[in-house]
Amino acid sequence: MKTVQDIAQTILAREGGYVNDPDDPGGATNHGVTVHTMRRLGLDLNGDGKVDAQDVRVLSAEKALQIFVDEYFHKPGVSALPEPLQASVFDMYVNAGNNAVKILQRLLNQMRISVAVDGVLGPLTAKAAAHAMAAAPDYFVDAYGIARRNYYYALADARVASRKYARRQDGGKGGWITRAEEFLSERYHLSAAAHKERTASWG
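Residue numbers (my numbering): 29 to 231.
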């Protein structure tokens, strides 16, 4: 069984190092931690009285790992979810904040388990997730992974600048899609042809 630290290390490796892509609303990012998160946490690492891209650049992998575990696993309450679901929700929380929980809540409502779609992983959402897992133990984690993938495609549908994260220049699956599919059973991975069809409207 993977520990929270094991999962966090995997996320850290997936995120990579410093980037400051003008097309990314997250802004300057290092090891998956954005400048917005560092401002919220008051991480003025170079002591110049402000939190900016320079602080992001010097963020250590060890500090990023601590932020993942504290801010994206324990603080949101991911540990209250069924264990098989935790890694995918944790990874999505690092990548998309409380949208990770909203995706879960929408999925639960689609399964006719009524919960508020508020991005808060409270006891009602945790209980609903446990109920869904018990009802569909062989499919629920995959259903969440598919919902993640659909979320990424929908973002790219709506925002042209984000399409490069969902589709590579050669037309193949971009980082967002491959990330979601890492948490999916192989039988639910889209074929190259299906991905091409899904993104055909992007031109």
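The beta-carbon is built from N, C-alpha and C at its ideal position, and this holds for glycine as well.
What whole-angstrom Cβ distance do residue i and residue j have, given they're in contact under 8 Å?
i      : j      : result
Leu135 : Ala184 : Actually they do not touch by this definition, with Cβ atoms about 20 Å apart.
Ser190 : Asp51  : 7 Å
Gln138 : Thr153 : Incorrect: roughly 14 Å between the Cβ atoms, too far for contact.
To which residues does DSSP link residue i through a beta bridge?
i      : result
Asn58  : Val61
Arg195 : Lys201
Measure the alpha-carbon distance for residue i versus residue j and round it to whole angstroms.
i      : j      : result
Thr62  : Glu99  : 12 Å
Val117 : Trp230 : 28 Å
Asp80  : Ala222 : 41 Å
Val148 : Arg195 : 30 Å
Val84  : Arg140 : 42 Å
Lys103 : Val122 : 12 Å
Arg215 : Asp170 : 10 Å
Leu113 : Phe211 : 9 Å
Are the beta-carbon atoms of residue i and residue j separated by less than 8 Å?
i      : j      : result
Lys234 : Val145 : The structure shown does not extend to residue 234, since the chain is modelled only from 29 to 231, so the question has no answer here.
Gly77  : His64  : no
Gly45  : His59  : yes
Pro110 : Ala157 : yes
Tyr180 : Ile205 : yes
Leu87  : Leu40  : no
Practice task
Mind listing, in chain order, the continuous alpha helix (DSSP H) runs of no fewer than 4 residues lying wholly within the region 41 to 112?
Solution key: 63 to 69, 81 to 85 and 89 to 95
Handout entry: Secondary structure, alpha helix (DSSP H): runs of 4+ residues fully inside the region 126 to 163
Key = 127 to 138 and 151 to 163
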